[in-house]
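First comes the structure, then the notes that go with it.
Protein chains: 2
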Amino acid sequence: MAVQVDESHARTRILEAARQEFFKKGYEGARMQAIADAAGINKALLHYYFNNKETLFNEIFEASFRKFIPHVEEMIMQEEDIFIIIKKFVHAYISLMQSQPSLPLFLFHEINKDADRVFKLIFNNAQPTMMLHLFQKVDKAQKKNLIKPIRFEQLVMNIMSMCVFPFLAKPMMQRVMSFTDSVFDDMMEQRKQLVADFIIDSIQIKNIQ
Amino acid sequence: MAVQVDESHARTRILEAARQEFFKKGYEGARMQAIADAAGINKALLHYYFNNKETLFNEIFEASFRKFIPHVEEMIMQEEDIFIIIKKFVHAYISLMQSQPSLPLFLFHEINKDADRVFKLIFNNAQPTMMLHLFQKVDKAQKKNLIKPIRFEQLVMNIMSMCVFPFLAKPMMQRVMSFTDSVFDDMMEQRKQLVADFIIDSIQIKNIQ
DNA sequence: CTTCTTTTTAACCAAATGGTTAAAATATTA
DNA sequence: TAATATTTTAACCATTTGGTTAAAAAGAAG
Numbered sequence: 001m002a003v004q005v006d007e008s009h010a011r012t013r014i015l016e017a018a019r020q021e022f023f024k025k026g027y028e029g030a031r032m033q034a035i036a037d038a039a040g041i042n043k044a045l046l047h048y049y050f051n052n053k054e055t056l057f058n059e060i061f062e063a064s065f066r067k068f069i070p071h072v073e074e075m076i077m078q079e080e081d082i083f084i085i086i087k088k089f090v091h092a093y094i095s096l097m098q099s100q101p102s103l104p105l106f107l108f109h110e111i112n113k114d115a116d117r118v119f120k121l122i123f124n125n126a127q128p129t130m131m132l133h134l135f136q137k138v139d140k141a142q143k144k145n146l147i148k149p150i151r152f153e154q155l156v157m158n159i160m161s162m163c164v165f166p167f168l169a170k171p172m173m174q175r176v177m178s179f180t181d182s183v184f185d186d187m188m189e190q191r192k193q194l195v196a197d198f199i200i201d202s203i204q205i206k207n208i209q
Numbered sequence: 001m002a003v004q005v006d007e008s009h010a011r012t013r014i015l016e017a018a019r020q021e022f023f024k025k026g027y028e029g030a031r032m033q034a035i036a037d038a039a040g041i042n043k044a045l046l047h048y049y050f051n052n053k054e055t056l057f058n059e060i061f062e063a064s065f066r067k068f069i070p071h072v073e074e075m076i077m078q079e080e081d082i083f084i085i086i087k088k089f090v091h092a093y094i095s096l097m098q099s100q101p102s103l104p105l106f107l108f109h110e111i112n113k114d115a116d117r118v119f120k121l122i123f124n125n126a127q128p129t130m131m132l133h134l135f136q137k138v139d140k141a142q143k144k145n146l147i148k149p150i151r152f153e154q155l156v157m158n159i160m161s162m163c164v165f166p167f168l169a170k171p172m173m174q175r176v177m178s179f180t181d182s183v184f185d186d187m188m189e190q191r192k193q194l195v196a197d198f199i200i201d202s203i204q205i206k207n208i209q
């Protein structure tokens with residue numbers, strides 16, 4: 001029996017090609033022929049490995065959804081300093097987006113079209129407890145008067161916004177503010193520090209002596 | 001000659017129905033039949049007013065794109081206080097998003113699929129000088145040592161992120177953090193103040209006496 | 001060599017969908 | 001009323017697209 005783990009094997013190439021096509025065009029915009037072409041195979045082989053478009057899509061969507069939240073649970077639990085937690089969280093999130101720049105737009109578009117369909121798919125994925133742990137650390141810091149009072153949801157919204165939004169808006173920003181891919185990459189690299197500082201500056205209670 | 005300005009007229013109803021369908025499903029996902037149904041007319045009448053799907057789409061896309069940047073140019077030019085400018089800008093942007101919650105996802109998705117196609121469409125739309133004026137005000141404030149040094153593009157990215165992102169992520173956030181439409185609306189109303197404060201707190205240079 | 005798996009070739013089908021038409025019916029307006 | 005504009009009805013067509021098949025060819029493994 002030949003087992004396919006090698007990336008050179010067709011099934012893997014199909015999955016990667018399909019991911020890119022779905023990410024860029026969305027479910028309806030994606031063309032099976034385009035996936036086959038990009039994978040360097042033919043449509044018949046698509047059917048050999050995946051029964052149909054939906055099966056292929058579901059496999060990719062599930063895997064992608066799981067990757068949308070950075071795995072920083074351990075770090076959050078261990079670390080005590082809320083500012084270091086924020087710094088590491090931001091760093092991890094932006095790094096994640098750098099490695100999958102078109103992931104968030106894909107997810108949001110598909111969820112927007114039909115949230116029910118999508119959330120049925122991933123119902124088995126247990127709610128990550130990460131947010132809960134983060135909440136506890138933020139709460140503790142607020143009670144210690146280290147940071148200003150702010151609704152947890154709003155704080156999370158702000159952090160996620162500044163980490164994720166640039167990757168959603170990239171093509172528009174590039175045109176409107178006319179910068180190259182390379183400039184964008186530099187900016188995102190900078191943001192790992194900048195966003196963390198931005199957030200900390202805005203919530204930190206400074207001890208004026 | 002009957003001139004259609006009344007919203008009860010078919011052409012207007014078609015445009016509104018098409019806007020909603022395109023916004024939710026994207027170009028490929030949108031169905032002409034669904035648009036006709038929502039407008040309460042038939043497919044033949046769609047063809048009577050618009051030659052084809054692309055024509056209809058283009059009309060909607062152009063109009064939508066123009067609405068994506070709030071019209072705050074005058075305000076920016078007149079106002080001298082950078083913090084008031086930021087407050088008003090944030091307020092205007094979030095209000096805009098409240099009135100058109102699915103506008104940004106629609107724009108970003110279509111641009112992501114084919115930026116060239118889209119930007120050819122709106123080539124005639126002159127670059128708004130708003131950003132330029134905003135830049136000058138920020139620059140001035142920095143030179144007066146009112147705000148910390150930060151790249152203008154990064155500051156704009158942060159502001160836009162926190163204003164627009166929640167509307168992109170709404171369906172996902174609602175599931176993951178489980179809040180209702182009404183809670184979301186309240187949060188967005190709060191954000192008009194909160195985001196402005198958040199930004200100002202992070203860039204303001206405080207005079208410690 | 002034999003067997004099993006992978007891949008190609010080259011068709012083909014069915015359904016969905018955008019698009020089209022012609023005629024009649026209904027409003028609207030001059 | 002006559003003329004014009006709007007809307008419906010009820011077909012129909014062409015194309016795209018996802019999906020299917022059967023056979024052969026090529027590769028891998030024992």
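Line by line, the protein sequences give chains F and A.
Each residue of the first sequence is one higher than the last, beginning at 1 in the numbering used here.
Each residue of the second sequence is one higher than the last, beginning at 1 in the numbering used here.
No residue lacks a Cβ here, since even glycine has one placed at the ideal position from N, Cα and C.
Q. Excluding the five sequence neighbours on either side, which residues of its own chain have a C-beta within less than 6 Å of the C-beta of F/R13, listed in chain order?
A. Stepping through the first sequence from its first residue, residue 13 of chain F is reached at position 13. Correct list, in chain order: A39.
Q) By how many angstroms is the C-alpha of A/R31 removed from the C-alpha of A/N42? A) By 1-based counting over the second sequence, the position of residue 42 of chain A is 42. By 1-based counting over the second sequence, the position of residue 31 of chain A is 31. A/N42 and A/R31: Cα-Cα distance of roughly 13 Å.
(Q) Going by DSSP in three states, F/I205 sits in which element: helix, strand or coil? (A) For this step, residue 205 of chain F is matched to residue 205 along the first sequence. It is coil, neither helix nor strand.
(Q) When you compare the CB positions of F/I94 and F/R191, do they come within less than 7 Å of one another, or not? (A) Looking up residue 94 of chain F in the first sequence gives position 94. Looking up residue 191 of chain F in the first sequence gives position 191. Cβ atoms of F/I94 and F/R191: closer than 7 Å.
Q.
Any C-beta of chain F within less than 9 Å: which residues of the segment 156-174 of chain A qualify?
A. V156, M157, N158, M160, S161, M162, C163, V164, F165, P166, L168, A169, K170, P171, M172, M173, Q174
Q.
For a contact defined as C-beta to C-beta under 8 Å, what are the partners of A/S102 on chain F?
A. Here the question's residue 102 of chain A lines up with position 102 in the second sequence. Neighbours of A/S102 on chain F, chain order: N112.
Q) From F/F198 to A/L103, what distance separates their C-alpha atoms? A) Within the first sequence, residue 198 of chain F is the residue found at index 198, counting from 1. Within the second sequence, residue 103 of chain A is the residue found at index 103, counting from 1. One C-alpha to the other measures close to 27 Å.
Q. For F/N112, which of A/G29, A/I203, A/S202 has the nearest alpha-carbon?
A. Taking the first residue of the first sequence as position 1, residue 112 of chain F is located at position 112. Of A/G29, A/I203, A/S202, the residue nearest in Cα terms is A/G29.
**Q.** 4 or more residues per run - each alpha helix (DSSP H) lying fully within the segment 71-113 of chain F
**A.** 73-78, 82-99, 103-113
Q. Looking only at DSSP bridge pairs, what is A/I147 linked to?
A. On the second sequence, position 147 is the one that residue 147 of chain A refers to. BP columns for A/I147 point to A/Q204.
Q: Consult DSSP for A/I69 and reduce its assignment to one of helix, strand or coil.
A: Taking the first residue of the second sequence as 1, we reach residue 69 of chain A at position 69. Of the three classes helix, strand and coil, the one that applies to A/I69 here is coil, per DSSP.
Q.
To the nearest angstrom, how far is the alpha carbon of F/L46 from that of F/F23?
A. Stepping through the first sequence from its first residue, residue 46 of chain F is reached at position 46. Stepping through the first sequence from its first residue, residue 23 of chain F is reached at position 23. If you take the alpha carbons of F/L46 and F/F23, they lie about 18 Å apart.
Q | Inter-residue Cα distance where the pair is F/F135 and F/I35 | A | The residue given as residue 135 of chain F occupies position 135 in the first sequence. The residue given as residue 35 of chain F occupies position 35 in the first sequence. Taking the straight line from one Cα to the other gives about 42 Å.
Q | Residues in the segment 181-203 of chain A having any Cβ partner in chain F nearer than 9 Å | A | V183, M187, Q190, R191, L194, V195, D197, F198, I199, I200, D201, S202, I203
(Q) For a test of the three-state rule: what should DSSP assign to F/H133, helix, strand or coil? (A) For the purposes of this step, residue 133 of chain F is taken as the residue at position 133 of the first sequence. It is helical.
**Q.** F/K170 versus F/S161 - alpha carbon distance
**A.** Stepping through the first sequence from its first residue, residue 170 of chain F is reached at position 170. Stepping through the first sequence from its first residue, residue 161 of chain F is reached at position 161. Distance between the alpha carbons of F/K170 and F/S161: 13 Å.
Q. Should F/K88 be flagged as near chain A, meaning a C-beta pair shorter than 7 Å?
A. Taking the first sequence and counting its residues from 1, one reaches residue 88 of chain F at position 88. It does not: the Cβ of F/K88 has no partner Cβ on chain A nearer than 7 Å.
Q: Identify whether A/I41 lies in helix, strand or coil by the three-state DSSP scheme.
A: Looking up residue 41 of chain A in the second sequence gives position 41. A/I41 falls in the coil class under three-state DSSP.
Q: Have a look at F/A141 and A/D116 and give me their C-alpha separation to the nearest angstrom.
A: Position 141 of the first sequence, counted from the start, is the residue given in the question as residue 141 of chain F. Position 116 of the second sequence, counted from the start, is the residue given in the question as residue 116 of chain A. Between F/A141 and A/D116, the C-alpha separation is close to 48 Å.
Q. Around the Cβ of A/R19, are there at least 16 other Cβ atoms within 10 angstroms (buried) or fewer (exposed)?
A. Here residue 19 of chain A corresponds to residue number 19 of the second sequence, with the count starting at 1. Result: buried.
Q) Of all the CB atoms in chain F, is at least one closer than 7 Å to the CB of A/A34? A) Your numbering for residue 34 of chain A matches position 34 in the second sequence. No, because no Cβ of chain F sits closer than 7 Å to the Cβ of A/A34.
Q.
Is there a Cβ of chain A sitting closer than 7 Å to that of F/K25, yes or no?
A. Along the first sequence, read from residue 1 onward, the residue named residue 25 of chain F stands at position 25. By this cut-off, F/K25 is an interface position.
**Q.** Proximity test, Cβ basis, 7 Å: F/F119 and chain A
**A.** By one-based count along the first sequence, residue 119 of chain F stands at place 119. Closer than 7 Å: yes.
Q: Compare the C-beta of A/E28 with all C-beta atoms of chain F and state if any pair is closer than 7 Å.
A: On the second sequence, residue 28 of chain A is found 28 positions in, with the first residue counted as 1. Answer yes: the Cβ-Cβ gap between A/E28 and chain F drops below 7 Å somewhere.
Q. Which same chain residues, not among the five before or five after F/H91, have their C-beta less than 6 Å away from its C-beta?
A. Taking the first sequence and counting its residues from 1, one reaches residue 91 of chain F at position 91. For F/H91, where only same-chain residues beyond five positions count, the Cβ hits under 6 Å are K192.
Q) Going by the beta-carbon positions, is the gap between A/L168 and F/F65 smaller than 7 Å? A) Translated into positions along the second sequence, residue 168 of chain A becomes position 168. Translated into positions along the first sequence, residue 65 of chain F becomes position 65. No, these two residues do not count as a Cβ contact at 7 Å.
Q: For A/H109, go through chain F and note every residue whose CB falls closer than 8 Å to its CB, in chain order.
A: Start at 1 with the first residue of the second sequence, and residue 109 of chain A comes out as number 109. Neighbours of A/H109 on chain F, chain order: G26, L105, H109.
Q. Can you name the residues of chain F whose CB is closer than 7 Å to the CB of A/M177?
A. Along the second sequence, one-based indexing puts residue 177 of chain A at 177. Those are E153, listed as they occur along chain F.
Q) Taking only beta-carbon atoms, is A/A115 less than 7 Å away from chain F? A) Here residue 115 of chain A refers to the residue found at position 115 when the second sequence is read from its first residue. Answer yes: the Cβ-Cβ gap between A/A115 and chain F drops below 7 Å somewhere.
Q) Can the beta-carbon of F/K148 be found less than 7 Å from the beta-carbon of F/I84? A) Locating residue 148 of chain F in the first sequence gives position 148, counting from the first residue. Locating residue 84 of chain F in the first sequence gives position 84, counting from the first residue. Their beta carbons are not under 7 Å apart, which means F/K148 does not touch F/I84 by this criterion.
Q. If you draw a straight line from the alpha carbon of A/S182 to that of A/P166, how long is it in whole angstroms?
A. On the second sequence, residue 182 of chain A is found 182 positions in, with the first residue counted as 1. On the second sequence, residue 166 of chain A is found 166 positions in, with the first residue counted as 1. Going from the Cα of A/S182 to the Cα of A/P166 covers about 14 Å.
**Q.** Nearest candidate by alpha-carbon position, reference F/E79, set F/K137, F/V195, F/V164
**A.** One-based indexing of the first sequence puts residue 79 of chain F at position 79. Ranking the options by Cα distance to F/E79, first place goes to F/K137.
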